[in-house]
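Structure first, commentary second.
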Amino acid sequence: MLSSTVTTLTVLLIIVFLFSEGLSVFKESPLEGENIIVLNHNNSVSHISSSEIKDIFDQKITNWKTIGGANDSIILFTFNDISNYFSEEELGPEFEYLPAKMDSLLESESGMIAVFSSKYLLKNHQSKIIQADNITPYTFIAGKEWFPTANPAVQLGVLPLILGTLYVSFVAILFALPVGLATAIYMAEVADEKTRRIFKPVIELLAGIPSVVYGFFGLIVIVPLIQSTFNLPVGETGLAGSIILGIMALPTIITVSEDALRNTPRSMKEASLALGATKWQTIYRIVIPYSYSGISAAAILGIGRAIGETMAVLMVTGNAAVMPHTLLEPVRTIPATIAAELGEAPANGIHYKALFALGCILFLITLIINLWVEFSSKKRRLGK
Amino acid sequence: MTKLDISRKRLAEAIAFWIFRLLSLCVMGILFSILGFILYKGIHVVNWDFISKMPEDGMTKGGIYPAIIGTLCLIAGSMIFAFPIGVMSGIYINEYTKDSWYRRFVQLMTANLAGIPSIVFGLFGMSLFVNKLGFGDSILAGSLTLGLLALPVIIRTTEEALKSVDDGYRQASLALGATKLQTIRRVTLPVALPNIITGFILSIGRVSGETAPILFTVAAYFLPKLPSSIHDQVMALPYHLYVISTSGTNINESRGMAYGTAVVLILIVLILNLIANGVRRYLGKKYKTH
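Note that the protein sequences, when read in sequence, are chains H and V.
As numbered in our numbering, residues 1 to 384 make up the first sequence, in order.
As numbered in our numbering, residues 1001 to 1290 make up the second sequence, in order.
Dropping the structure here:
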């Protein structure tokens, strides 16, 4: 009794842990560590989003008017600029005069924005501290820039990662579905028993090969091949990922759709043959329509596999977190991002939590896919 | 129907079947070229020294002994945990529950667990076992994570194996006055055993090749010593292959090592598959004749 609930328990635990870590990303400030943003006290801007901070420090936004302030040009100050403003004597040993200097500097420059650690803030400061907006679910999902370690404010937009994942997976299925379906039909309807006995274990073996081995093969064979064929600067592209994922999705597609094809009642096939239809006519008029939902389940499951696949994709796609335009550019998927970055993200920091939030997105995508397949197959069983 | 129509139909059929045959051969071709390429390039690297020595010179020379031992530890650890629970769970679902909402719910959850990407297991293992329960990066944390991953496979195969046992056996045993537990232990399980063992072997194959779940729970980049307790980190074959083929200090010089490691991984899967098929055939025959 207890043992049978273990899977339910595990799924629930996964949900609890993943989401408690992942959702807490929305409670974090996008500023690194103890950093605060300080302005001249006359500045009317009272809060600022993390993408605005980035644009300001990239000097894409140069006037306070752009983000709703007065018409005044923006002067940047970060901790690295400190020697441009103050000499070592002025700062004193261990920066003990820095808080006072900082405060008067900010008060003398009306357009200055400064980012520094809160321990250098003067106790009775005149300058104004403003809040950086927390990451919202909307900016998280729809943001187009993923710079989880950017300074002064991290950029956590996962849209390029989500699109990269879907893009690579769908193209993979585009390769794999026709080939897989043809093989399934061949095994279920055309081949004799002897051929089937060879095919079946070979496909099981194809399913059993570890994903790193596929990744390794992709890295040393497919990547250089793509690089030389298309004359690219790098061969690690979305296309390489799609090809490898397509190969890896083949066993799933073949076994699931073969099962579906085999479920066609014998009487239906025989009726068709008795009416004078050829075997091929019977297959595409009777067998394929009958097992349509099973075949679509195979395609969806194949996509699910491809979306969740980590290591092979990590090794061959080049991992550039940019919006994907063509398949001949490096792309980065959600699982690859988690695998590549979690090791370097400090525990419980915003980057760490953002990666868990990515895990939540991945979990939800695959959960929806599984439930979809499960319920559509149930409907099919009831329909019979 | 004219003669022409019939011959045209025949032609269409012949063309379609040839396309299927060709594409199927393509699938076989892909598999054999992957296997063939790696075996051809790597088989000469694999010898006794490669299997029994520590890595040397920034993992460009020497062997992969610690990675093999690490993978064996992880297999043993995960199976000790997952196999009994998985089999018990399968027995309970198939023998004790009726076709109720509860059974359907448990089956749905098992299917969902099977569909969760391995990297999510890695995240979960890191957050629960490594951080919350304080196991740290250790064989214990890695084995538990891998065990959870293997659970649905074992439950599924146990269920399927029990389902394929003829109800006549159960009824005969019960009619002779055996209790339900006796029936399961003496009659149902022995008949279902070949398929359960097959599932067990295949899940070992799955566990030995997984990389994503062990990235953050146990795997060490380079650790030229053997583990002394379940709280140690270990190297593991799939992670070792990943490391030396992508981020080693000397990617070109460690290529040979990478090929060799890939060959060892493939051989493990190949041998496990062969054993699984053998068991299925051998024990299947044994019980059929009884």
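Using N, Cα and C, we set each Cβ at its ideal position, and we do this for glycine too.
Practice prompt. Starting from the C-beta of H:A340, find all residues in its chain whose C-beta is less than 7 Å away, skip the five residues before and the five after it, and write them out in chain order.
Written response: L314 and N319
Practice prompt. Tell me H:N35's beta-bridge partners as DSSP assigns them.
Written response: H:S117
Worksheet item: Given that a residue counts as buried once 16 or more other Cβ atoms are within 10 Å of its Cβ, and exposed if not, what is V:S1254?
Response: buried
Discussion item. Going by C-alpha to C-alpha distance, which of H:S44, H:S73 and H:S46 sits closest to H:I56?
Written reply: H:S73
Fill in: Beta-carbon separation (whole angstroms), H:G215 vs H:A312, contact threshold 8 Å
4 Å
Practice prompt. Take H:P390 and list the residues in its own chain whose beta-carbon comes closer than 7 Å to its own, dropping the five residues that flank it on each side.
Written response: For chain H, the structure presents residues 1 to 384; residue 390 of chain H sits outside this window and is missing.
Practice prompt. Determine, using beta carbons only, whether V:C1073 comes closer than 9 Å to chain H.
Written response: no
Fill in: Residues of the segment 294-326 of chain H with Cβ closer than 9 Å to any Cβ of chain V, in chain order
L301, G304, R305, I307, G308, E309, T310, M311, L314 and M315
Practice prompt. Closer than 8 Å by beta-carbon distance: list the chain V residues that pair up with H:E329, in chain order.
Written response: Result: empty, since nearest Cβ-Cβ is about 19 Å, beyond 8 Å.
Discussion item. Quick check on the DSSP output: the alpha helix (DSSP H) that includes V:L1072 runs from which residue to which?
Written reply: Y1065 to I1091
Item to complete: Determine the chain H residues that contact V:R1010 at a beta-carbon separation under 8 Å, and present them in chain order.
Response: T278
Worksheet entry | Members of the segment 161-189 of chain H that neighbour chain V once the beta carbon cut-off is set at 8 Å | P178, V179, G180, A182, T183, I185, Y186 and M187
Worksheet item: Hey, out of H:F19, H:N151, H:A260 and H:V373, whose CA is closest to H:S51's CA?
Response: H:N151
Worksheet item: For V:G1260, is the classification buried or exposed, using 16 other Cβ atoms within 10 angstroms of its Cβ as the cut-off for buried?
Response: buried
Discussion item. Run through the DSSP bridge pairs and tell me what H:A132 is partnered with.
Written reply: H:I48
Worksheet item: Which residues does DSSP pair with V:E1056 in a beta bridge?
Response: V:K1061
Practice prompt. Give the range of the beta strand (DSSP E) segment to which H:T78 is assigned.
Written response: I75 to T78
Worksheet item: Using a C-beta to C-beta distance shorter than 7 Å, which residues of chain H count as neighbours of V:N1112?
Response: V11, L367 and N370
Practice prompt. Report yes if the C-beta distance between H:A297 and H:V373 is below 9 Å; otherwise report no.
Written response: yes
Discussion item. I'd like the list of long-range same chain contacts for H:E28, defined as Cβ closer than 6 Å, with 5 residues on each side in sequence excluded.
Written reply: I350
Item to complete: Consider the Cβ of V:R1021: report whether some Cβ of chain H lies at a distance smaller than 9 Å.
Response: yes
Worksheet entry | Contact set between the segment 1043-1059 of chain V and chain H, restricted to residues whose Cβ is under 7 Å from the partner | none
Worksheet entry | 9 Å Cβ cutoff met for H:T165 and H:I334 | yes
Fill in: Beta-bridge partners of H:V331, as assigned by DSSP
H:G318
Discussion item. Taking the beta carbon of V:Q1233 as the centre, do at least 16 other beta carbons fall within 10 Å, making it buried, or is it exposed?
Written reply: buried
Worksheet item: Under the rule that 16 or more other beta-carbon atoms within 10 Å means buried, what is V:L1181, buried or exposed?
Response: exposed
Worksheet entry | Local conformation of V:F1037 per DSSP, three classes | helix
Worksheet item: How would you list, in chain order, the residues of chain H whose beta-carbon sits under 9 Å from the beta-carbon of V:L1245?
Response: It should be noted that the sequence gives Ser, not Leu, for residue 1245 of chain V. Simply V212, G215, F216, L219, I220 and M315.
Discussion item. Considering Cα atoms alone, identify which of H:L367, H:T282 and H:F116 is closest to H:I38.
Written reply: The sequence shown places Val at residue 38 of chain H, not Ile. That would be H:F116, whose Cα lies nearest to the Cα of H:V38.
Discussion item. Quick test of your reading: H:I244 and H:G304, contact by CB under 8 Å. State the CB separation rounded to the nearest angstrom.
Written reply: Not quite, the Cβ-Cβ distance comes to about 16 Å (not below 8 Å), so this is no contact.
Practice prompt. Determine which residues of the segment 114-131 of chain H have a Cβ less than 7 Å from any Cβ of chain V, and write them out in chain order.
Written response: none
Worksheet item: Taking Cβ positions only, does H:F77 come closer than 9 Å to chain V?
Response: no
Worksheet item: Taking Cβ-Cβ distances shorter than 9 Å, what residues in chain V pair up with H:L156?
Response: In chain order: nothing, as chain V lies at least about 17 Å away.
Item to complete: Within 10 angstroms of the Cβ of H:T264, are there 16 or more other Cβ atoms? Answer buried if so, exposed if not.
Response: buried
Worksheet item: Quick one: Cα of H:C360 to Cα of H:I209, how far?
Response: 27 Å
Practice prompt. Would you mind sorting V:K1003 into buried or exposed? The rule is 16 or more other CB atoms within 10 Å of its CB.
Written response: exposed
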